[in-house]
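The block underneath contains the structure these notes are about, expressed in structure tokens.
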Amino acid sequence: MDKNTRTMPKLLFSVLVFLVSLSSAFLNVSAKQWNFTIDVSNSTGAFSHFWKSTGLCPPAPHQEDFKFLLSDDETQNLALIGSVPRHGIEQVRIHWLLDMVTIINFHGNELTYNFTLLDHLIGNLWSNNLRPGFEIMGNPSNHYTDFENDTQVHQWKDLVQTLAERYIGIYGLDYVSKWNFETWNEPDHGDFDGLKFTVQGFMNYYDACSEGLKAADPSLKFGGPAGGCKDPPKSPICWTLLQHCSNGTNYFTNETGVRIDYISFHHKGGGSSMTILNTEFETIDIIRQKYTLLAKVPIFNDEADPLVTWSRPEWWRADTTYAAVVAKIIIQHQHLLITPKPDYRYSLLSNDNGFLNYYPAFFEQRTLNARFQMNNTKPNSVQLIKKPVLVVMGLLSKLGDQLVHVEDLKKTYMTDIGILATTESTEAGWSAAILISNSADTTYTIDSDKVSLTVDGIPADEFEYTRMVPEIRKNTESSIFVLVLQEAVRVEGPSEIPAKVFNLAFTLKKPGIMLVHLCNKSTSAPAQVQNVTVHPVTASDVLVTWSDALISTPCILTFEVEYSTQSETGPFERINSHDITFTSFVFSTDETESIKGWFRVRAVDYWSRAGSYSVAIHFLPQ
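Residues -25 to -1, 1 to 597, numbered by mature numbering (1 follows the signal peptide of the UniProt record, and there is no 0), are exactly what the sequence shown covers, in order.
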């Protein structure tokens, strides 16, 4: 068969074999019927992907956090996080970054820093199409002790300016201006590693950070207070900072008021999705009532997890339950906060789940990947497996940039069923993506609901062209296809839509997630895959990653990963037996010899059209 063509896929594909529904009959409730009519021609407003962030904290001692952040384990973790298609995760918010910086020289009050370790981490993020959520947190060489000391306040400003200018010089302003620089994490908890942080000292620290970033470039963003912000009089640093930004005195300029580009707080769910929303509303209302000058500042909840304590093993963090509740929280925020209250300017919801688990909790901790450490092998090795909660970020990435009308949408509010219906129109064509989640939060339940979708308003010209020339169907010219991904386990389709109004009925398990994707055929095959990289895992395992940044269509059926032991021109053999949509693949061989050879990747769309191969990358074991 010609390598540039593929036969139409069968109706069933296994996308992720371990992502299965629970099977215990702990709770079994009769199925409920849900009927949704969706008009994809009726846009109800722009839709922002406001959840594309994760976070983590390296283990103590923090002055040695480079051992974790630059480890092979974390390198693999970042590679998998960065492999969510279509930049489905863009930010990794990391604690204690400044502990990777050391002081190498003193000239009076002027300090010279060594950024080498931090350079390596930023380079890893950049190469995986990620950027840091840069908490200005840590203590280079344990030098700083007191932010009521004028000399140290000015030294801190110079440090921040030097750091920002350094990375603008290396990566450019376009990249660094997208970073969310942020205050010390949760300052009211008092975790300062020996620094003296009074309330006033924190205000001085804040001004030093703000002015240092401004001196590097005024476009750099800075926000906070990155804390729990519990109702006053609790959380004194949180509320004093907002007061300071409203009408306090800038330490450096003596001006009244200090800029704050976004207000960040942390509200988690206690196991309940609605708890997150309810506490957010309370906090936002306090801000809008007490600090009116800050009413239009964007809002971040950059630790919006269903439950506190990342390391606590919970059964539901291992399977589809976690994935479904994350999707449910996103859907709730869109329908109950962002759409009805646009003046709240809610801009970011981040899960703090970029950690790496430790034995024996392989799947049950709050992580995106499951880490397996092979300590009895020679040499020791580690391998990571994507968890369902990471896979759901891939489904979310297929959503478009316009919300569309769903009839009787309000009936789903405060229920276990949630739905997001979106469209996207680009030069690559038209598509619609409908995400349905079924989640009882973190409750142990085995149930299912019946769902019926009626999709109307499909672009008439494309559809009528297909009906009018039915004999061209074999060649799938100007067709609209539907791709169904259920719980990220099974892929059904793509299949041609047989009528102007598309109907689909299915049973959705609880917990469960379904993505229905409708695509109009674009005029050309997918663009070329870029930046293929091969990460050694063991002598017989490698992690291959690549970038889909130039691929504008969301209608990708698979990436084909090929390997040659002979030369960069081949012959090549496809090594991923199953279709994949993430931009990563682990290649394992049973051969006794080490993996060495050339790798290349290409994208294939729903119409089996293959894009150009990437540049072939030569890999030699070290």
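Glycine residues also receive a C-beta, built at the ideal position from the N, C-alpha and C atoms.
Apart from sequence neighbours up to five positions away, the residues of its chain that approach Tyr119 with a beta-carbon distance below 7 angstroms are Gln127, Trp131, Leu170, ordered along the chain.
Around the beta carbon of Glu255, 16 or more other beta carbons sit within 10 angstroms, so the residue counts as buried. By the neighbour-count criterion, in which 16 or more other beta carbons inside 10 Å mark a residue as buried, His70 falls on the buried side.
Nearest neighbour of Tyr581 by Cα position, chosen from Asn506, Ser539, Tyr388, Ser470, turns out to be Ser470. A residue is called buried when at least 16 other Cβ atoms come within 10 angstroms of its Cβ; Glu157 meets this threshold and is buried. In this structure, Leu195 places its C-beta atom within 8 angstroms of the C-beta atom of Ser152.
DSSP, reduced to helix, strand and coil, places Asn52 within a helical segment of the structure shown. Excluding its 5 nearest sequence neighbours in each direction, Ala524 has C-beta neighbours in its own chain below 7 angstroms: Asn104, Gln505, listed in chain order. With contacts defined as CB atoms closer than 8 angstroms, Leu370 and Leu410 qualify as a contacting pair. Ile235 is positioned such that its CB atom lies no closer than 8 angstroms to that of Ile304.
Secondary structure of Arg341 (DSSP, three-state): coil.
By the criterion of a C-beta distance shorter than 6 angstroms, Ile313 is surrounded in its chain by Tyr321, once the five residues flanking it on both sides are discounted. Separation of Ala415 and Asp391 (C-alpha to C-alpha, rounded to the nearest whole angstrom) is 5 angstroms.
With a contact defined as Cβ atoms closer than 8 angstroms, Tyr388 and His310 qualify at about 7 angstroms.
Just measuring C-alpha positions, the residue of Thr558, Ser552, Asp383 sitting nearest Ala578 is Thr558.
In this chain, the alpha helix (DSSP H) harbouring Arg141 covers 125 to 146. Look at Ser23 here: in three-state DSSP terms it is coil, with no helix or strand label. When Cys204, Pro34, His219, Ser221 are compared, the shortest CA-CA separation from Cys213 is found for Cys204. Secondary structure of Asp14 (DSSP, three-state): strand.
As the crow flies, the alpha-carbon of Asp133 is around 21 angstroms from that of Thr173.
Assignment of Ile394 by DSSP, reduced to helix, strand and coil, places it in the strand class.
DSSP links Thr556 through a beta bridge to no other residue. For Ser221, the uninterrupted alpha helix (DSSP H) segment begins and ends at 211 to 222. Using a Cβ-Cβ distance cut-off of 8 angstroms, the region 475 to 486 and the region 413 to 431 are in contact, since at least three pairs of beta carbons, one from each stretch, lie closer than that value.
Short of 7 angstroms from the beta carbon of Glu543, and not among the five residues preceding or following it, lie these beta carbons of its own chain, in chain order: Trp573, Ala591, His593. DSSP places Val519 in the strand class (E or B) of the three-state scheme. Under the three-state reduction of DSSP output, Gly98 falls in the helix class. Fully enclosed beta strand (DSSP E) runs of no fewer than 3 residues occupy 237 to 240 of the region 231 to 273, in order along the chain. Measuring C-alpha to C-alpha distances from Tyr226 to each of Ala183, Lys316, Thr401 identifies Ala183 as the nearest.
Contact annotation, Leu72 with Gly113: C-beta distance approximately 6 angstroms; criterion of less than 8 angstroms satisfied. Phe574: member of the beta strand (DSSP E) spanning 572 to 580, first to last residue.
A distance below 8 angstroms separates the beta carbons of Tyr297 and Val364. Per DSSP, the continuous alpha helix (DSSP H) segment holding Ile306 begins and ends at 295 to 308. Pro434 and Phe337 have their C-alpha atoms spaced approximately 46 angstroms apart. Ala201 places its beta carbon less than 8 angstroms from that of Glu110.
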